[in-house]
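In the working numbering, the protein residues as written are 742 to 1146.
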């Protein structure tokens, strides 16, 4: 007979099993090694794959938010180490491995070594922001520590030459992979520092963590930290990270990007210079015009207050007054002349000489006095009678009074 108390739903069972997985510390943080199979990149950004070996297989998923723990593209047949946790998907009643990071097999120990050294150098202060040196805006010499035959140096030369062909590039060839790589890189850094380059690029092209390991060595990190020249790290591709990326003054995702950061674009410089030249010209022109206006104003004031100007002004006033005086005198003379003509006409009407023309005579005695009455003449007295065309001398024979009607 079945005990009803021991009967569970599927959901209850799955939930119970999931709780068991959750409480197991080992299953919350573990690394599993195997071969990648059935790998699918979903449009949502999640990655679904199976991890298998000769004795079994387990379903795995890496959510899009964990993709930062993947530095390469997964494909069928790869041997990898997956770090994450095991949990039960209750809806389907199956467990799977939820991946937080995926490493190519063989790099797990190196990754642990990388993390230990990273923490040690962080504690020692080699990553501290206050030790970072700013890059000079304009450089004349660019030092490069990398392999002389790799794509990295070609990219750097091509980009730097395009941006500013006047920048001198000094290459210090270095071994960038293998046991001899770290000492070679350190010598390159020290050599370029002694030459006094303005900026230094230290790096190489992409590769596995084993290929890039020289840039994770303590002696290389210390050389970058001790270098008095600003250092740009440019190791691998954008997703690759090495110890010197944290120590360097600036990290570039690729060697080409490092050249972009180190070398200012001469076209921008020339454009900026042209802008400044135009602005300076306009400023100078405005200043000159302002000063010229000020000079003209001062010159005008000087002319107004100068003795020569005042003398000239007084001369003009005198000339104007003279003209006004002459005009006034002319008007007065004209007026007087007109009045005189009137007086002359009036005098003509009263003048005896004028009347002589009309038959009258003007009689004077010997002293020129006008004889107007018989009482002024006596017999035998000599008189002068003035007529129209001359003088008649007469002697008075006698006088006779006669009243005029």
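Quick reminder that beta carbons are idealized off the backbone N, C-alpha and C, glycines included.
Quick caveat: nothing in here was measured; it's all calculated off a predicted structure.
Identify whether residue 995 lies in helix, strand or coil by the three-state DSSP scheme. coil
Under DSSP, the beta strand (DSSP E) around residue 835 begins and ends at which residues? Unbroken beta strand (DSSP E) run through residue 835: 835 to 845.
What do you get for residue 894, buried or exposed, if any count of 16 or more other CB atoms within 10 angstroms of its CB means buried? Residue 894 is classed as buried because its beta carbon has at least 16 other beta carbons within 10 Å across all chains shown.
DSSP beta-bridge partners of residue 913: 886
Over the uninterrupted alpha helix (DSSP H) stretch that includes residue 770, give me the two end residues. Per DSSP, residue 770 belongs to no alpha helix (DSSP H) and is neither H nor E.
Cutting at 6 Å between CB atoms, please list the residues of its own chain near residue 1086, excluding the five before and the five after it. Once the five neighbours on either side are set aside, residue 1086 has no close Cβ partner at all.
Would residue 984 pass as a contact of residue 974 if the rule is Cβ separation under 7 Å? No. Outside cutoff.
In whole angstroms, give me the CA-to-CA distance for residue 950 and residue 927. 19 Å
Cα-Cα, which of 946, 1003 and 969 is closest to residue 977? Put simply, of 946, 1003 and 969 the residue whose alpha carbon is nearest the alpha carbon of residue 977 is 946.
Rounded to whole angstroms, how far is the Cβ of residue 930 from the Cβ of residue 901, which I believe are closer than 8 Å? With a Cβ gap of about 19 Å, residue 930 and residue 901 do not count as contacting.
Residue 826 beta carbon less than 7 Å from that of residue 839: Taking a C-beta distance under 7 Å as the contact criterion, residue 839 and residue 826 qualify as a contact pair.
Contacts around residue 959, its chain only, beta-carbon distance under 7 Å, and the 5 residues preceding and following it disregarded: 858.
Could you name the residues of the same chain whose beta carbon sits closer than 8 Å to that of residue 878, not counting the 5 residues immediately before and after it, in chain order? 1005
Could you check the C-alpha separation between residue 1114 and residue 1140 for me, to the nearest Å? 10 Å
When you compare only the Cα positions, how much space is there between residue 1009 and residue 1034? Their Cα atoms are separated by approximately 37 Å.
Below 8 Å on the Cβ atoms is my guess for residue 884 versus residue 831; work out the distance and round it to an integer in Å. Incorrect: roughly 59 Å between the Cβ atoms, too far for contact.
Helix, strand or coil for residue 790? Go by DSSP, reduced to three states. strand
Quick check: the Cα distance between residue 1198 and residue 876, rounded to an integer number of angstroms? Look at the range of the chain in this structure, 742 to 1146, and you will see that residue 1198 is not part of it.
So for residue 983, helix, strand or coil by DSSP? coil
Taking a contact to mean a Cβ-Cβ separation below 7 Å, would you say residue 911 touches residue 996 in this structure? no
Please classify residue 822 as buried or exposed, where buried requires at least 16 neighbouring CB atoms within 10 angstroms. buried
Looking only at its own chain, which residues have a Cβ that is under 6 Å from the Cβ of residue 824, when we skip the five neighbours before and after it? Excluding sequence neighbours, residue 824 sits near 772, 841 and 842.
Could you compute how far the alpha carbon of residue 1125 sits from the alpha carbon of residue 1106? 6 Å
Relative to the C-alpha of residue 952, which residue among 1083, 970, 916 and 1039 is closest? 916
Short check: CB of residue 789 to CB of residue 802, under 7 Å? Taking 7 Å as the Cβ cut-off, residue 789 and residue 802 qualify as a contacting pair.
Near residue 1041, what residues of its chain come up, given a Cβ to Cβ distance below 6 Å and the 5 sequence neighbours on each side ignored? none
Candidates 1002, 980 and 750, of which the one nearest residue 990 by Cα: 1002
What do you get for residue 992, buried or exposed, if any count of 16 or more other CB atoms within 10 angstroms of its CB means buried? buried
Within the continuous alpha helix (DSSP H) that includes residue 935, where are the two ends? 922 to 936
Can you tell me which of the three DSSP states residue 1113 falls into? coil
Hey, could you find the ends of the beta strand (DSSP E) residue 1132 is sitting in? 1131 to 1136
Less than 7 Å between C-beta atoms, sequence neighbours within five positions excluded: which residues of the same chain meet that for residue 817? For residue 817, where only same-chain residues beyond five positions count, the Cβ hits under 7 Å are 777, 778 and 780.
Cβ shell of residue 891 (< 8 Å), same chain only, five flanking positions each side left out: 917, 945 and 946
Rounded straight-line distance, which links the Cα of residue 1134 to that of residue 1079: 40 Å
Look up residue 1037 in the DSSP assignment and say whether it is helix, strand or coil. helix
Please state whether the Cβ-Cβ distance between residue 939 and residue 881 is less than 7 Å. yes
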